[in-house]
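Working notes for the structure below.
Residue numbers (my numbering): 17 to 75.
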């Protein structure tokens with residue numbers, strides 16, 4: 017199994033797959049950052065408070 021400790025992880029897109037990725041990394045002790053171009057992506061309310069999230073594009 018890969019070792020993700022000490023790695024910086026960014027998940028792009030907060031749909032079903034993005035939420036699954038958040039769960040994957042959190043289960044391995046890594047808190048990812050999440051980005052989504054939508055202002056109110058689905059699943060935003062399901063993110064743990066410790067996950068930094070940027071929504072609404074990159075500008």
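Beta carbons: idealized from backbone N, C-alpha and C, even for Gly. Only a predicted model underlies this, so the values are computations on that prediction, with no experimental measurement involved.
Cut-off 6 Å between Cβ atoms - residues of its own chain near residue i, not counting five sequence neighbours on either side
i: residue 26; result: 49
i: residue 72; result: 55
Same chain only: Cβ atoms within 7 Å of residue i, ignoring 5 sequence neighbours per side
i: residue 65; result: none
Closest by C-alpha distance to residue i, when choosing among the options
i: residue 70; options: 18, 28, 21; result: 28
i: residue 23; options: 55, 44, 54, 58; result: 44
i: residue 85; options: 61, 58, 40; result: It is not possible to answer for residue 85, since the shown part of the chain is limited to 17 through 75.
i: residue 32; options: 68, 60, 67; result: 60
Cβ-Cβ separation, residue j to residue i (assumed contact under 8 Å), whole Å
i: residue 30; j: residue 52; result: 4 Å
i: residue 63; j: residue 38; result: 7 Å
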